[in-house]
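All remarks here apply to the structure that follows.
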Amino acid sequence: MESNLNNYLVFIELFTIPVHIQKFLIDQSEMDDERKENEYGKLRKMISYCHTESCFQQYILEYFGEENATVCRKCGNCTDDRIQVDVTKEAQMVLSCIKRMNERFGKTFITKVLTGSSDKKIKSFGFNKLSTYGIMKERTQKEVNELIDFLTAEGYLRPTDGQYPVLMLTNQAVEVLRGESTVLRKERVKVKQLIEDNQLFERLRKLRKEIADMEKVPPYIIFSDQSLKEMSAKLPTSKNELLQIKGVGERKLEQYGDAFITVITSYCEENGIAVEKHDDFIMARSETTKDDKEKSHHVTFSFLQQGLTIDEIAAKRNMTIRTIEGHLIKCAEEGISIDWDQFIPSQYEELIKEAVREADTQRLTPIKQLLPEEISFFMIRAFLQREKEQKV
């Protein structure tokens with residue numbers, strides 16, 4: 010029982026204490042050498058857990074001693090629908106480099122050789138003369154490290170025992186080097202580096218702040234910056250797409266999905282980015298749980314019919330104004346008749362009309378740039394929607 014508890018604690022602690030500190034704590038402990046080796050081994054297995062593409066549940070069960078554990082088909086790895094890509098060539102570069110270095114070094118030093126580092130230690134060993142020196146210089150050291158972690162987790166590399174493990178080739182690795190087997194890896198999700206003044210990222214941050222203030226919680230509780238950056242890069246315009254963003258679960262999707270999709274869709278329309286029309290749905294646990302509920306934008310429309318203003322609807326539904334505006338646009342796209350005149354102040358109508366004519370485009374941003382600050386994007390959208398409906 011005590012042994013299982015210790016295993017469990019190591020498993021949990023890995024995710025709360027950085028790995029280098031874990032190693033330091035093991036090294037500085039009063040455990041005997043054999044016990045230390047055992048702890049290092051468990052730590053390495055947990056690191057591999059973070060990089061494996063195999064079934065998570067199967068990995069955990071095998072870690073705790075269950076033999077012949079089967080795949081669960083429900084965990085993140087089992088349900089991951091990313092495309093598998095052939096990385097045999099890259100794997101051969103790594104494995105060949107390790108072999109040429111006589112399997113005597115650890116991950117960090119191997120990565121430096123592969124990326125062509127000018128580290129003096131490399132020259133002292135003569136590794137700068139290897140054919141594999143700098144062979145992956147177009148990759149960052151972080152990317153190469155992650156590839157090595159993947160190869161280790163999938164059994165192509167075997168770390169030796171101790172605090173500073175050396176990487177050794179396994180029989181699987183030899184087969185890859187001989188060209189007898191291929192290495193497949195799920196396609197990496199690359200979030201484009203966003204410049205600081207990225208308009209969409211800033212809009213999403215502003216929306217997050219509005220929601221956080223409304224709920225009296227820190228902004229990161231809503232979504233992390235990383236989630237917002239991924240939204241900015243991938244431009245999800247349906248709930249199903251938004252659910253693929255890291256950090257977006259079904260609960261947050263239900264709470265905040267409409268608001269963020271509205272902002273992203275508006276941004277795409279303003280900048281002439283093609284947006285596919287989607288059925289806005291979530292893969293429900295049962296087919297009836299969502300279907301029986303009235304759609305959110307229809308609820309908004311019913312409040313509008315009762316005479317409530319956009320501000321009043323937003324307050325009543327605990328949603329942002331942008332979300333409510335998006336609901337009305339969505340209703341219009343479904344053919345629901347809306348009196349757009351109520352959203353276009355009479356004193357601004359001619360200004361908007363002239364700006365649309367001068368901009369000679371349906372994109373919102375060029376039109377907005379020709380208008381006073383007090384004229385909102387939604388006023389412009391309402392004007393354009395009214396014009397569109399009048400032509401039909």
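Here the sequence shown is numbered in the numbering used here, starting from 10 and rising by one per residue. Glycine included, every Cβ here is placed at the ideal spot set by N, Cα and C.
The stretch 68-77 makes no contact with the stretch 136-145, as fewer than three CB pairs between them are under 8 Å. Taking a contact as a CB-CB distance under 8 Å, the pair L160 and V103 counts as one, their CB atoms being some 6 Å apart.
Just measuring C-alpha positions, the residue of K255, C84, L244, R326 sitting nearest T274 is L244. For K54, same chain residues with a beta-carbon under 7 Å away, outside a window of 5 residues either side, are Y72 in chain order. Cβ neighbours of T191 within its own chain (closer than 8 Å, five residues either side excluded): D95, T97, V185. The stretch 318-338 makes contact with the stretch 265-273; the number of CB pairs closer than 8 Å reaches 3 or more.
The DSSP assignment places no complete beta strand (DSSP E) segment of no fewer than 3 residues inside the stretch 332-394.
Taken through DSSP and simplified to helix, strand or coil, D128 comes out as coil. Runs of the beta strand (DSSP E) spanning 3 or more residues and lying entirely within the stretch 51-139 occur at 93-95, in chain order. In this model, K108 and R82 are separated by some 36 Å (Cα to Cα). A residue is called buried once 16 or more other Cβ atoms fall within 10 Å of its Cβ, and R194 is buried on that count. Shown here for L360: same chain residues with a beta carbon closer than 8 Å to its own, the five before and five after excluded, namely L380, P381, I384 in chain order. About 11 Å separates the beta carbon of S311 from that of H336, a gap too long to meet the 8 Å contact definition. Within the same chain, Cβ atoms closer than 7 Å to the Cβ of D128 are found at K121, the five residues on either side in sequence being excluded.
At a Cβ-Cβ threshold of 7 Å, Y276 and L216 do not count as neighbours. Note on L237: 16 or more other CB atoms within 10 angstroms of its CB, so buried under the neighbour-count rule.
Counting along the chain, K238 sits inside the alpha helix (DSSP H) bounded by residues 234-243. In this chain, the beta strand (DSSP E) harbouring P168 covers 166-168. Separation of S140 and M110 (C-alpha to C-alpha, rounded to the nearest whole angstrom) is 11 Å. Under the three-state reduction of DSSP, M40 is assigned to coil, being neither helix nor strand. C-alpha of S63 to C-alpha of E224: approximately 39 Å in a straight line.
Residue pairing by DSSP leaves M328 without any beta bridge partner. By the Cβ-count criterion, V175 is buried, with 16 or more other Cβ atoms from all chains shown falling within 10 Å of its own Cβ. Here the alpha carbons of L156 and M177 stand approximately 15 Å from one another.
Cβ neighbours of A364 within its own chain (closer than 7 Å, five residues either side excluded): I376, L379, L380.
Membership of K195 in the beta strand (DSSP E) is indicated by the continuous run 193-195. Q66 is the residue among Q101, E99, Q93, Q66 whose C-alpha sits nearest the C-alpha of C84. Excluding residues up to 5 positions away in sequence, R217, I220, A221 lie with their Cβ nearer than 6 Å to the Cβ of I231 in the same chain. Of the candidates Q150, R113, S105, Q150 places its Cα closest to the Cα of G125. Straight-line spacing of the CA atoms in Y58 and D170 works out to 17 Å. Per DSSP, M223 is one residue of the alpha helix (DSSP H) stretching across 208-224. Within the same chain, and ignoring the five residues on either side of Y357 in sequence, the residues whose Cβ sits closer than 6 Å to its Cβ are I384.
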